[in-house]
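Reviewing the structure listed below.
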Amino acid sequence: MKARVHTGAVLLCCFEDPGELAALRGFFAGRRIAVYTAGAEDLGRTVGALLGLPGGTAQPEGPAGPFSPEPALVFSALSDRALEQTLAALREQKLAAGRLKAVLTPHNRGWALGALLEELRRERASFAGRDAAGGANA
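Quick note: to get the working numbering, add 1139 to the position in the sequence shown (first position is 1).
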């Protein structure tokens, strides 16, 4: 029996719809991407720890801040090309549309999951505000 080699990992955060979660698990399994899940009870844990990374600590490096339990995907250890292909396939299959998405970095690895979700939410709101302002001036 061959060992299954993963091409990267994804952390599925705060997905409450069992059907959506199952569809995402199947999607990533077909692409040899390891799937980790986190719920509202994990918002105070670090993103690195939730992805099972060596040296990941259970306690965040900084304050966790306010929590936003909005569903999100956090990708780890995918090549740029694999990430682009994965995101394109998600769009094509209409999976995780409108969900927050991030890539694990050395900077956010030690963040509390809740802090990362809140930062992603703020970034999306900022981009939406810029898009609305740009559209009004066009």
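Backbone N, C-alpha and C define an ideal beta-carbon position, used for all residues, glycine too. Bear in mind the structure is a predicted one, so any value in this text is a computation, not a measurement.
Buried or exposed (CB count within 10 angstroms, at least 16 for buried), Glu1257: As a working note, residue 1257 is residue 118 in the sequence shown. It counts as buried.
Element boundaries [beta strand (DSSP E), containing Thr1176]: Working through the sequence shown from its first residue, we reach residue 1176 at position 37. Ile1172 to Ala1177 is the extent of the beta strand (DSSP E) around Thr1176.
Ala1147 - partner residues in DSSP beta bridges: Here residue 1147 is taken as the residue at index 8 of the sequence shown, counted from 1. Before going on, a small fix: residue 1147 reads as Gly here, not Ala. Beta-bridge pairing links Gly1147 to Ile1172.
contact_flag[the segment 1235 to 1244, the segment 1171 to 1178] where n(CB pairs < 8 Å) is 3 or more: no
Neighbourhood of Leu1189 by C-beta, 7 Å cutoff - its chain only, sequence neighbours within 5 removed: Working through the sequence shown from its first residue, we reach residue 1189 at position 50. These residues qualify, in order along the chain: Leu1150, Tyr1175, Ala1177, Asp1181 and Leu1252.
Nearest-angstrom Cα separation, counted from Ala1168 out to Ala1162: Taking the sequence shown and counting its residues from 1, one reaches residue 1162 at position 23. Taking the sequence shown and counting its residues from 1, one reaches residue 1168 at position 29. Going from the Cα of Ala1162 to the Cα of Ala1168 covers about 10 Å.
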